[in-house]
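A quick write-up on the structure given underneath.
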Amino acid sequence: MTPPAGALTELDRALAPLREAPGAPRWTPPERWHLTLLFLGAVPADRVEELLAAAGPAVAGTPPMTLRLAGAGRFGSRRRPQVFWAGVTGDGVALGALAARLAAAARGLGLPVEDRPFRAHLTLGRWRPGRPGDGDLPERLAGHRGPAWPVAEVELLESHPGPVPRYDRVAAWPLA
């Protein structure tokens, strides 16, 4: 799910003073920012149609939602931070229920699904293992409150790692 351009621009503006801070993570380019509801890893090409067919009904039951990018945090400890993220507020219960329905649909197809609680966030950067990182840096973005937006659709994105990583949109389902 990709927040609208206005929300991403405001977040990018708020993040600008932190980009060159000592101990900053390796930043993810704003054009790659999105909310991951379910991470599946590599899905065999012959299973994609099944996944599309299962995801549609999972999304169809989703009520309209309004979300906002707000605050920040990290995964990993203060001394060994791993991921710098922006928080997501708003209709969190509905968003969590959607993530659970998508996970159940993938499990129903026999696809491996991570077994950890869903936490809505937008990954802004990753600290490199073994290098010094400032785990307190997310606190400097704690007061950020971006504009609220109505969620229009859920997307299935395919990740292409490499020297110039990118995401390709495979499918999308509108919300009611």
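The sequence shown begins at 1 in UniProt numbering and counts up by one.
We treat Cβ as the ideally placed atom computed from N, Cα and C, and that holds for glycine.
Where Arg74 is concerned, the enclosing beta strand (DSSP E) starts and stops at Thr66 to Gly76. The continuous beta strand (DSSP E) containing Gly125 extends over residues His121 to Arg126.
In the structure shown, Asp136 adopts coil according to DSSP, grouped into three states. Three or more pairs of CB atoms, one per stretch, sit closer than 8 Å, so the stretch 68 to 84 contacts the stretch 125 to 144. Here Thr2 is buried. Its C-beta has 16 or more other C-beta atoms within 10 Å. 8 Å or more divides the Cβ of Leu15 from the Cβ of Leu102.
Rounded to whole angstroms, the separation of the alpha carbons of Leu40 and Arg107 is 10 Å.
When the five nearest sequence neighbours on each side are left out, the beta carbons in the same chain lying within less than 8 Å of the beta carbon of Gly96 are those of Phe118 and Ala120, in order along the chain. Going by DSSP, Ala152 is part of no beta strand (DSSP E) at all; its letter is neither H nor E.
Looking at the backbone, the Cα of Pro174 and that of Leu122 are separated by about 20 Å.
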